[in-house]
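In mature numbering (1 follows the signal peptide of the UniProt record, and there is no 0), the protein residues as written are -27 to -1, 1 to 384. Structure first, commentary second.
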């Protein structure tokens, strides 16, 4: 394991974990050893794992998506094959929200185009010249920002936008009633209402079979004339051909996209190559040095939980648990199939983790075995008054990552 974050989290056991990051059809180029021995896989959004890819792995038990979105993984087929799929829904929330606000502010204040004009040598001195080069710049206070999806990122964007003077409305059919009151937002009950009332529309929902091309020629015509569009969620939510036509006709005043239907994105091809008033970034809204490190370390910890615990019960963010349980994978595991020394770790096939049938492998560097036997005795009985918490009772709120995932938490 060459990566530091894997070394620190996984060297307690000789387990084969592979980091998948190539965007090519990797199974045609991956070595036989990986397909036969890989128990865990860490992956970014740049590759896709469908059923035919998953079937090539012989020992794979867990896939961790380094990020929140998992539309590039066939989670149902993975569950049918006994492979748990996990993500990190709380990853890069701050970064994505900050990037979204940057895009929104740039569209309103046209800073990108002003910078480009100076780069091209445009002379801007008189009021008339400023008016010409900054044409389209608008005041933010009092504008209505419409958010499609109010998951973690959507809520973070809403709080930031309110500080700039936006009136924030949102549409989210998955969200329970009452959240809008605690955040001071206005909820609309239909997508049409949001599109009609918004001066700027920002997408923060997951991609699934129900909302592919959510923004298309029909829904664009329901938007306000000259509205802005921002997408930092998933590229498949926007029909780029319809968006390009709307930008050329002026129905949409400007658009900012961090995600695209085809990635990596290039202005040299595709329907958006000639579209005006368009800002595109390379699916980087999630990135910061701090977030990148945190995501990789948390992904390694999830692999550790899978190896030393029970799948899927020990996992923090398993997104296909229902498919695992439906197919009776990992249910009713015989006690003989568990290593008691490893806190219930499953005994994988021989050669996968190299665990001898009798117990632990030889000592691993950095782990010191105690030579002193440890005996445990029960403490004397203690009585408590009614309703008093026990000394060992957990009174701490669960961490952010343990709360139920919202369908619209996407990065």
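Here a beta-carbon is modelled for each residue, glycine too, at the ideal position from N, C-alpha and C. The structure presented is a predicted model; accordingly, all values stated were derived computationally and were not measured.
Pairwise C-alpha distance: residue j and residue i
{"i": "residue 343", "j": "residue 39", "result": "Residue confidence for residue 343 is low, a pLDDT of 41 falling below 50, so the modelled location carries little weight and cannot support an answer."}
{"i": "residue 159", "j": "residue 171", "result": "12 Å"}
{"i": "residue 128", "j": "residue 189", "result": "25 Å"}
{"i": "residue 204", "j": "residue 34", "result": "34 Å"}
{"i": "residue 241", "j": "residue 41", "result": "29 Å"}
{"i": "residue 222", "j": "residue 186", "result": "20 Å"}
{"i": "residue 199", "j": "residue 111", "result": "11 Å"}
{"i": "residue 47", "j": "residue 105", "result": "50 Å"}
{"i": "residue 93", "j": "residue 87", "result": "10 Å"}
{"i": "residue 345", "j": "residue 272", "result": "Any reading at residue 345 must be qualified, since the residue scores a pLDDT of 43, below 50, and its modelled position is unreliable; the value itself is stated next. Looking at the two C-alpha atoms, the distance is approximately 34 Å."}
{"i": "residue 49", "j": "residue 192", "result": "30 Å"}
{"i": "residue 196", "j": "residue 165", "result": "8 Å"}
{"i": "residue 257", "j": "residue 207", "result": "12 Å"}
{"i": "residue 282", "j": "residue 275", "result": "10 Å"}
{"i": "residue 61", "j": "residue 225", "result": "34 Å"}
{"i": "residue 216", "j": "residue 286", "result": "44 Å"}
Start and end residues, alpha helix (DSSP H) containing residue i
{"i": "residue 48", "result": "48 to 53"}
{"i": "residue 4", "result": "Where residue 4 is concerned, there is no enclosing alpha helix (DSSP H), given that its DSSP letter is neither H nor E."}
{"i": "residue 134", "result": "125 to 136"}
{"i": "residue 169", "result": "164 to 170"}
{"i": "residue 152", "result": "152 to 156"}
{"i": "residue 217", "result": "213 to 222"}
{"i": "residue 27", "result": "24 to 27"}
7 Å Cβ cutoff met for residue i and residue j
{"i": "residue 73", "j": "residue 37", "result": "no"}
{"i": "residue 174", "j": "residue 156", "result": "no"}
{"i": "residue 259", "j": "residue 65", "result": "yes"}
{"i": "residue 113", "j": "residue 147", "result": "no"}
{"i": "residue 120", "j": "residue 183", "result": "no"}
{"i": "residue 139", "j": "residue 116", "result": "yes"}
{"i": "residue 180", "j": "residue 213", "result": "no"}
{"i": "residue 288", "j": "residue 278", "result": "yes"}
{"i": "residue 145", "j": "residue 122", "result": "yes"}
{"i": "residue 297", "j": "residue 52", "result": "yes"}
First through last residue of the beta strand (DSSP E) which encompasses residue i
{"i": "residue 175", "result": "173 to 176"}
{"i": "residue 432", "result": "Since the first residue shown for the chain is -27 and the last is 384, residue 432 is missing from the structure and cannot be characterised."}
{"i": "residue 201", "result": "200 to 204"}
{"i": "residue 77", "result": "Segment 66 to 82 is the alpha helix (DSSP H) holding residue 77; no beta strand (DSSP E) there."}
{"i": "residue 139", "result": "Counting along the chain, residue 139 falls outside any beta strand (DSSP E), and DSSP gives it neither H nor E."}
{"i": "residue 19", "result": "Counting along the chain, residue 19 falls outside any beta strand (DSSP E), and DSSP gives it neither H nor E."}
{"i": "residue 118", "result": "117 to 121"}
DSSP three-state assignment for residue i, whether helix, strand or coil
{"i": "residue 56", "result": "coil"}
{"i": "residue 195", "result": "coil"}
{"i": "residue 98", "result": "coil"}
{"i": "residue 39", "result": "coil"}
{"i": "residue 85", "result": "helix"}
{"i": "residue 296", "result": "helix"}
{"i": "residue 257", "result": "coil"}
{"i": "residue 248", "result": "coil"}
{"i": "residue 208", "result": "helix"}
{"i": "residue 90", "result": "helix"}
{"i": "residue 104", "result": "helix"}
{"i": "residue 180", "result": "coil"}
Residue-level contact to chain D via CB, residue i, 7 Å cutoff
{"i": "residue 258", "result": "Here chain D cannot be found, since the structure has a single protein chain."}
Proximity test, residue i beta-carbon vs the ligand NAD heavy atom, cut-off 6 Å
{"i": "residue 76", "result": "As for the ligand NAD, it is missing from this structure, which has no ligand bound."}
Worksheet entry | Segment contact, 8 Å Cβ cut-off, at least three pairs: the stretch 288 to 301 with the stretch 56 to 64 | As far as the Cβ criterion goes, the stretch 288 to 301 touches the stretch 56 to 64, which means the pair count is three or higher.
Practice prompt. Could you tell me whether the stretch 245 to 252 touches the stretch 214 to 221, where touching means 3 or more Cβ pairs closer than 8 Å?
Written response: Three or more beta-carbon pairs drawn from the stretch 245 to 252 and the stretch 214 to 221 are found closer than 8 Å, and the two stretches are therefore classed as touching.
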